[in-house]
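Participant: Pasting a structure below so you can have a look.
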Amino acid sequence: MAKSKLLPIAAVSVGVWAWTALAATINSLDFKIEGGKARVVIAGDAPLQPTKDENSANSQVTLTFPGATLAPNASRQLDTSSFEGPVKLVSPYAADGNAKVVIQLSQMSSPEMHTDGNNTILEFAAGSGAGSTPTAANSDTSAPVPTPDAGPAAGGATPDAGTSSGDNSPVAQFEGANKQKVFAGKPVTLKVRDADVRDVLRLISDASGFNVVIAPEVQGRLTLSLEDVPWDQALSVVLQTMGLAAERKANVLRVLPITKLTTEKQNEINAALATEASAPRVTKIFPVSYADPGRLVNILTDMAVTRSTASGGGDGVSGGFAKPVIKVDDRTRSLAVMAIPDQMTRIEKLIQLLDTEEAQVLVEAKVIEASEDFSNQMDGTLGLGGTRFGSSFNGGNNLTDALAGTSDLSGSAGGGIVGLSPSISFLPGVQRINATLSMAESEDRIKVLSSPRLVVLNNHPANITQSTPTAHTQVVTTSTSTTIETVQQDATLVLNVTPRVTNDENVLMDLHMTAQVPKNDNNVQLVANRDVQTNVMVASGSTLVIGGVFSSRNENNNTGFPVLKDVPILGVLFGSKKDLTSRVELMFFITPRILNSAAAGLTG
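Dropping the structure here:
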């Protein structure tokens, strides 16, 4: 019988430590998802009597075990963040002679706590997506299941393409821990001097419980002094130190030099490319509905080639393999493609993604101009008449003419006149007093509303125009004559817009809007310009308000006989007062609306 080889001057021990104390000892921490609940199980060697404290601000639940101690196997954190559930991390630690366990939650929820013999159990609602799953994390032998690494690396593991990411085997644990640099394997102690690396790897394999295959090229000796470290961390250290890599094959871990693994992967790539090169070419016609076929050719040619073609030559062959041949038929707006099946699949998928409708935008605009004019006027006259004496104040003497409405005020403003002409005899030479009081008030309110709308394709300019002819007269004076001419001018409403639709359904608009409004000024027809030009972004269906231009005019006129026009009450007979108030407000309302968001492939 062959004797077992002893490591020189080495003391190797792998195990789990526990000790007996007067108080209870927590031996292990387990995490499970069962029956739609996330469950944390804390196992002791005697009944535990914890107190529970909930911290809503930090989304934590803390259990305190008075006088209890933590066994080495129950002293490490359990990272459960890769599971769909509220529990993200379980952290045990000792403080002030007590054992404590802090449970970090993704969002605060109160657990149900009960005991089962020497076990303390906390149950949380697992949430959507969590189902019945075997033990997910354990302080003795289990760890969270991370996503496998994507490729070979020193001290890392390469995933097997056919292995599910839900695998909780020791190999999967090692891959995830090495990638995330979070180690939760069973603790081991390795103290060796000048030991064969193959023997060290076997010791780690025995401690971890997974299958390991060591390549013949793995050679070398090393000295280690690791005490109470997770086995997956010890394996990662050995691989990095010796320039090795690990590759996963189902539930087996191959350990081999990095250079050999790199050569193997390159040979696999070359074999796959050789297979691809020998594949027969097929031809297919793709009709194009919306995109520009000519612009698609370059995109499809560059994107359809395989990973080997990035280093190709300029003869139509890239990396030793021919590129697909793509031709455009302008008559039918079709693409004729000749390529190998793998390339054809990628080309078909790209055409489906790129040949989508162009976004269409409905742009609705409203131009609102509101004006208000208000005026009031009060005018009084006073006259004295007789055979030997006469006098007139503010131009009034003949009462008959005043009552007939010859006053400019009453004629133009449509006001009213009150007159009085009594006979008197107490003043020598004065037979009558003629007094009139005229009052007028006018109010004009005008609201002009223009509402153009148009539909335009994304990134295309569009405009809409509406004209209204107006005419006014003007005096033309020359050196020989003066003539009156009629001038015609168009009052035009113009909307120019170029929209650009974003993927999140906003609309960037280059907007120019002009509204020319006919105006009547003292019976002369004129045209007033209203113009806005801007670049702005608006969410689809929202309304943008531009303008808010507000102008106001107040005018007060007071004329008449000096001093007497200012006499209270009677002063109105010696003068006239006129007040004028004018207000104008202008606003533009712009509403863009995308008509075909889903068909245009917008995500919103």
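Residue numbers (my numbering): 1 to 604. Ideal Cβ positions, reconstructed from N, Cα and C, are used throughout, including at glycine. This one's a predicted model, so the numbers in the text were calculated from it and none came from an experiment.
1. Give me the DSSP bridge partner(s) of F65.
2. Do L586 and V538 have their beta-carbon atoms positioned less than 8 Å apart in this structure?
3. Express the C-alpha separation of L335 and I285 in angstroms, rounding to a whole number.
4. How is the beta strand (DSSP E) around E217 delimited, first residue to last?
5. So A246 is in the beta strand (DSSP E); what residue range does that whole segment cover?
6. Would you call the CB atoms of L226 and L190 closer than 8 Å?
7. Whose CA, out of Q219, Y290, Q489, S371, lies closest to the CA of G332?
8. Rounded to whole angstroms, what's the CA-CA distance from R500 to A365? Just pull it up for me.
9. Just list the residues that DSSP pairs S91 with in beta bridges.
10. Quick one: Cα of R530 to Cα of V572, how far?
11. From M439, V494, A339, T514, pick the residue whose C-alpha is nearest to that of N376; which is it?
12. Kindly identify the DSSP beta-bridge partner or partners of P78.
13. What's the C-alpha gap between T581 and N554?
14. Any contact between the region 465-478 and the region 500-511? By contact I mean 3 or more CB pairs, one from each, below 8 Å.
15. Distance check for R593 and L495, CA to CA, integer angstroms please.
16. Could you compute how far the alpha carbon of A71 sits from the alpha carbon of I26?
17. State the beta-bridge partners of A339 as determined by DSSP.
18. I'd like to check one pair, P50 with T64: are the Cβ atoms closer than 8 Å?
19. Figure out for me which residue from T483, A234, V197, G220 has the closest Cα to the Cα of K186.
20. Compute the distance between the beta-carbons of M344 and V282, then report whether it is under 8 Å.
21. Let me confirm a value: G380 is counted as buried when at least 16 other C-beta atoms fall within 10 Å, else exposed. Which label applies?
22. What's the C-alpha gap between S56 and P111?
23. Return the Cβ separation of R254 and V297 in integer angstroms, given the expectation that the two are a contact with Cβ distance under 8 Å.
24. By alpha-carbon positions, which one of S91, E247, P86 ends up nearest to S75?
25. How is the alpha helix (DSSP H) around R202 delimited, first residue to last?
26. Relative to the C-alpha of R248, which residue among P287, L261, T241 is closest?
27. Find the nearest neighbour of V228 within the set F31, A184, E54, judged by alpha-carbon distance.
28. With respect to the alpha helix (DSSP H) encompassing R331, which residues constitute its N-terminal and C-terminal limits?
29. If we ignore side chains and look at the alpha-carbon of each, how far apart do I204 and L222 end up?
30. Would you check whether the ligand NAP has a heavy atom nearer than 7 Å to the C-beta of A277?
31. Below 8 Å on the Cβ atoms is my guess for F574 versus L382; work out the distance and round it to an integer in Å.
32. Given this structure, state the Cα-to-Cα distance separating N138 from S597, to the nearest angstrom.
33. Please classify R445: is it buried, with 16 or more other beta-carbons within 10 angstroms of its beta-carbon, or exposed?
34. Relative to the C-alpha of L607, which residue among M108, N503, A99, A95 is closest?
35. Bridge partners for A528 per DSSP, in chain order?
Facilitator: By the coordinates alone:
1. Your numbering for residue 65 matches position 65 in the sequence shown. The partner list for F65 (beta bridge, DSSP) reads A99.
2. Indexing the sequence shown from 1 puts residue 538 at position 538. Indexing the sequence shown from 1 puts residue 586 at position 586. No. Outside cutoff.
3. Here the question's residue 285 lines up with position 285 in the sequence shown. Here the question's residue 335 lines up with position 335 in the sequence shown. Cα to Cα, I285 sits roughly 6 Å from L335.
4. As a working note, residue 217 is residue 217 in the sequence shown. For E217, no beta strand (DSSP E) segment is defined, and its DSSP state is neither H nor E.
5. Residue mapping note: residue 246 aligns to position 246 of the sequence shown, counting from 1. Annotation: the continuous beta strand (DSSP E) that includes A246 extends over 244-249.
6. Position 226 of the sequence shown holds residue 226. Position 190 of the sequence shown holds residue 190. Yes.
7. In the sequence shown, the residue the question calls residue 332 occupies position 332. Here the sequence assigns Thr to residue 332, which means Gly is not the residue at that position. For the residues Q219, Y290, Q489, S371, the minimum Cα distance to T332 belongs to Y290.
8. In the sequence shown, counting from the first residue as 1, residue 500 sits at position 500. In the sequence shown, counting from the first residue as 1, residue 365 sits at position 365. Cα to Cα, R500 sits roughly 17 Å from A365.
9. Locating residue 91 in the sequence shown gives position 91, counting from the first residue. Answer is V102, bridged to S91.
10. Here residue 530 refers to the residue found at position 530 when the sequence shown is read from its first residue. Here residue 572 refers to the residue found at position 572 when the sequence shown is read from its first residue. Within the model, the alpha-carbon separation for R530 versus V572 is close to 42 Å.
11. Mapped onto the sequence shown, residue 376 falls at position 376. When each option's Cα is compared against that of N376, the closest is M439.
12. What you label residue 78 is simply residue 78 of the sequence shown in a count that begins at 1. A small correction: the amino acid at residue 78 is Leu; Pro does not occupy that position in the sequence shown. According to DSSP, which records beta bridges pairwise, L78 is partnered with V90.
13. Residue 581 sits at position 581 when you count from the first residue of the sequence shown. Residue 554 sits at position 554 when you count from the first residue of the sequence shown. Those two C-alpha atoms are separated by around 5 Å.
14. Segment contact: the region 465-478 against the region 500-511, fewer than three CB-CB distances shorter than 8 Å; contact not assigned.
15. Here residue 495 refers to the residue found at position 495 when the sequence shown is read from its first residue. Here residue 593 refers to the residue found at position 593 when the sequence shown is read from its first residue. Rounded to the nearest whole angstrom, the C-alpha separation of L495 and R593 is 16 Å.
16. Sequence index remark: in the sequence shown, residue 71 carries index 71 (1-based). Sequence index remark: in the sequence shown, residue 26 carries index 26 (1-based). A71 and I26 have their alpha carbons spaced roughly 6 Å apart.
17. Within the sequence shown, the letter at position 339 stands for residue 339. Beta-bridge pairing links A339 to V282.
18. Translated into positions along the sequence shown, residue 64 becomes position 64. Translated into positions along the sequence shown, residue 50 becomes position 50. In contact: T64 and P50 (Cβ atoms closer than 8 Å).
19. The residue given as residue 186 occupies position 186 in the sequence shown. Of T483, A234, V197, G220, the smallest CA-CA separation from K186 is found for A234.
20. The sequence position of residue 344 within the sequence shown is 344, counting from 1. The sequence position of residue 282 within the sequence shown is 282, counting from 1. Taking 8 Å as the Cβ cut-off, M344 and V282 qualify as a contacting pair.
21. Counting from one through the sequence shown, the residue named residue 380 turns up at place 380. Note on G380: 16 or more other CB atoms within 10 angstroms of its CB, so buried under the neighbour-count rule.
22. Sequence index remark: in the sequence shown, residue 56 carries index 56 (1-based). Sequence index remark: in the sequence shown, residue 111 carries index 111 (1-based). Distance between the alpha carbons of S56 and P111 is about 12 Å.
23. Your numbering for residue 254 matches position 254 in the sequence shown. Your numbering for residue 297 matches position 297 in the sequence shown. Not really, about 45 Å apart at Cβ, beyond 8 Å.
24. In the sequence shown, the residue the question calls residue 75 occupies position 75. Of the candidates S91, E247, P86, the residue whose Cα lies closest to the Cα of S75 is S91.
25. Taking the sequence shown and counting its residues from 1, the one referred to as residue 202 is at position 202. Note, R202: alpha helix (DSSP H), 197-208.
26. Counting from one through the sequence shown, the residue named residue 248 turns up at place 248. Comparing Cα positions, the closest option is L261.
27. By 1-based counting over the sequence shown, the position of residue 228 is 228. It is worth fixing the name first, because residue 228 is Asp in this sequence and not Val. The residue with the shortest Cα to Cα distance from D228 is A184.
28. Position 331 of the sequence shown holds residue 331. Per DSSP, R331 belongs to no alpha helix (DSSP H) and is neither H nor E.
29. Sequence index remark: in the sequence shown, residue 204 carries index 204 (1-based). Sequence index remark: in the sequence shown, residue 222 carries index 222 (1-based). Their Cα atoms are separated by approximately 14 Å.
30. For the ligand NAP, the structure offers nothing, since it holds no ligand at all.
31. For the purposes of this step, residue 574 is taken as residue 574 along the sequence shown, with counting starting at 1. For the purposes of this step, residue 382 is taken as residue 382 along the sequence shown, with counting starting at 1. Between L382 and F574 the Cβ distance is about 6 Å, and since that is below 8 Å, they are a contact.
32. As a working note, residue 138 is residue 138 in the sequence shown. As a working note, residue 597 is residue 597 in the sequence shown. In this predicted model, N138 has a pLDDT of only 47, less than 50, meaning its place in the structure is not dependable; the value taken from the coordinates is given anyway. Between N138 and S597, the alpha-carbon positions lie close to 49 Å from each other.
33. To locate residue 445, count along the sequence shown from 1; it is residue 445. Classification for R445: exposed.
34. Only positions 1 to 604 of the chain appear in this structure, which leaves residue 607 out of reach.
35. On the sequence shown, position 528 is the one that residue 528 refers to. Residue pairing by DSSP places A528 opposite V517 in a beta bridge.
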